[in-house]
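Comments concern the structure below.
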Amino acid sequence: MILGNPFKLRRNGVMGLNERNLRLVAELNPRGLMRLVNDKTITKRLAIEAGIPNPELIGLVSNPYDMRRLDQMLERPNGVAIKPANGSQGNGIMIITGPMKGGYKLANGRRVVFEDVRFHVMNILSGMYSLGGLPDTALIEERVRFAGVFDEISFKGVPDVRIIVLKGVPILAMLRLPTADSDGKANLHKGGVGVGVDLVTGVTQLGMQYDQLVDFHPDTANELSGLQTPYWEDMLIMAAQAYDVTSLGFLGADIVIDVDKGPLLLELNGRPGIAIQIANRFGLRAHVEPVLAADTSKMDAKARIAFGKDIYRLIHEGQAAA
Ligand SMILES: Nc1ncnc2c1ncn2[C@@H]1O[C@H](COP(=O)(O)OP(=O)(O)O)[C@@H](O)[C@H]1O
Ligand SMILES: [Mg+2]
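Throughout the sequence shown, residue numbering follows the working numbering, covering 86 to 407 in sequence.
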């Protein structure tokens, strides 16, 4: 494995969790601001106010009273996604793809009845999937339907694009693909595949699953590299704007593509994972240092994107020449 060799590891500037926590999260993300992204209902409101497209909110369930309207909220021919407002890593997310014989069909093909869904929502309210185990709210939103170039390398779910944004500057990106293991979700901890994406062009590179390098999708056996991410420039703008609306200096923006609506912001993370370095076969440090050293305060989103691309080009063209 590429990360097995400590010398190579250091040379490529791979960041560990400690360094990420101390230099990026603690330094750039004040505690009070984390609330804005930890709670998906707040993130959604901010995105709507800023005009960043995101999946339509069908309703919230916070108490037994709201629960009485749950069956109505599920009445969508194209299905819904049910999520804990304060969840993470794909935990507690139920993807319903549509009605099925008096019940509902899940992304993994299984049929459930209303009572099963209600039970799941009760568990969300009890805090089973939430940070800190506190009572939570269930968010019911439209299910994003995906169609396009990544169909060949996705399995029963929606791929998402994770873009890491530092001081408003996009620095690294990866495409995350659902697999048979990941139950309609693209989260890496659930068995999703992470694929490096060229920050300048949006073209996919090689991938990883469970921290192992892979070149082909495990379920479809199709090659991961060489695909153009549609709406790439739009996605970079959405990610850069996420900084303007949250003021979080270090964040991960998760973006999906809907067949009708185009790119939609799914959520923001104030403590994005570091596996993106494996997917990109390259460490964060080289991308981070120039941004930390620069004064980006007078740059708008477009200028910050241009800056991020310059850094990326410098590093990766240098690497190709080496
Ligand atoms: N509205 C939706 N429609 C379809 N799939 C979704 C939807 N919301 C989430 N997902 C799937 O679940 C994954 C995790 O969702 P996300 O909102 O990022 O929550 P988490 O904080 O748990 O990562 C996404 O990467 C995507 O694959
Ligand atoms: Mg996510």
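We put the beta carbon where it would ideally sit given N, CA and C, even for glycine.
When every heavy atom of ligand 1 is checked, does at least one fall within less than 8 Å of the C-beta of residue i?
| i | result |
| --- | --- |
| residue 299 | no |
| residue 140 | yes |
| residue 161 | no |
| residue 193 | no |
| residue 229 | yes |
| residue 269 | yes |
| residue 226 | yes |
| residue 245 | yes |
| residue 263 | yes |
| residue 345 | no |
Beta-carbon separation of residue i and residue j under 9 Å?
| i | j | result |
| --- | --- | --- |
| residue 269 | residue 208 | no |
| residue 389 | residue 168 | no |
| residue 247 | residue 337 | yes |
| residue 373 | residue 108 | yes |
| residue 118 | residue 333 | yes |
| residue 267 | residue 242 | yes |
| residue 365 | residue 282 | yes |
| residue 351 | residue 341 | yes |
| residue 98 | residue 379 | no |
| residue 392 | residue 357 | no |
| residue 148 | residue 210 | yes |
| residue 312 | residue 288 | yes |
| residue 235 | residue 260 | yes |
| residue 330 | residue 113 | no |
| residue 181 | residue 189 | yes |
Using a Cβ-Cβ cut-off of 8 Å (strictly less than) and excluding sequence neighbours within five positions of residue i, which residues of its own chain qualify?
| i | result |
| --- | --- |
| residue 343 | 140, 229, 230, 231, 349 |
| residue 398 | 285 |
| residue 299 | 278, 291, 292, 293, 309 |
| residue 143 | 158, 161, 165, 225, 226, 227 |
| residue 305 | 237, 238, 239, 240 |
| residue 133 | 139 |
| residue 186 | 196 |
| residue 156 | 199 |
| residue 92 | Summary for residue 92: the model assigns pLDDT 47, below 50, so the residue's position carries little reliability; its value from the coordinates is reported in the next sentence. Excluding sequence neighbours, residue 92 sits near nothing in its chain. |
| residue 150 | none |
| residue 203 | 152, 155 |
| residue 206 | 146, 152, 155, 167, 223 |
| residue 272 | 174, 175, 261 |
Please tell me whether, using a cut-off of 8 Å, the distance from the CB of residue i to the nearest non-hydrogen atom of ligand 2 is below it.
| i | result |
| --- | --- |
| residue 173 | yes |
| residue 352 | yes |
| residue 221 | no |
| residue 272 | yes |
| residue 124 | no |
Apart from the five residues just before and just after residue i, which ones in its own chain have a Cβ nearer than 6 Å to its Cβ?
| i | result |
| --- | --- |
| residue 324 | 248, 250, 255, 338 |
| residue 375 | 396 |
| residue 400 | 371 |
| residue 276 | 264, 266, 267 |
Which same chain residues, not among the five before or five after residue i, have their C-beta less than 7 Å away from its C-beta?
| i | result |
| --- | --- |
| residue 387 | none |
| residue 394 | 284, 285 |
| residue 368 | 97, 98, 99, 100, 362 |
| residue 315 | 233, 234, 342 |
| residue 102 | 359 |
| residue 128 | 121, 122, 352, 353 |
contact_flag[the segment 346 to 363, the segment 129 to 139] where n(CB pairs < 8 Å) is 3 or more: yes
The segment 110 to 128 / the segment 210 to 224 touching (three or more Cβ pairs under 8 Å): yes
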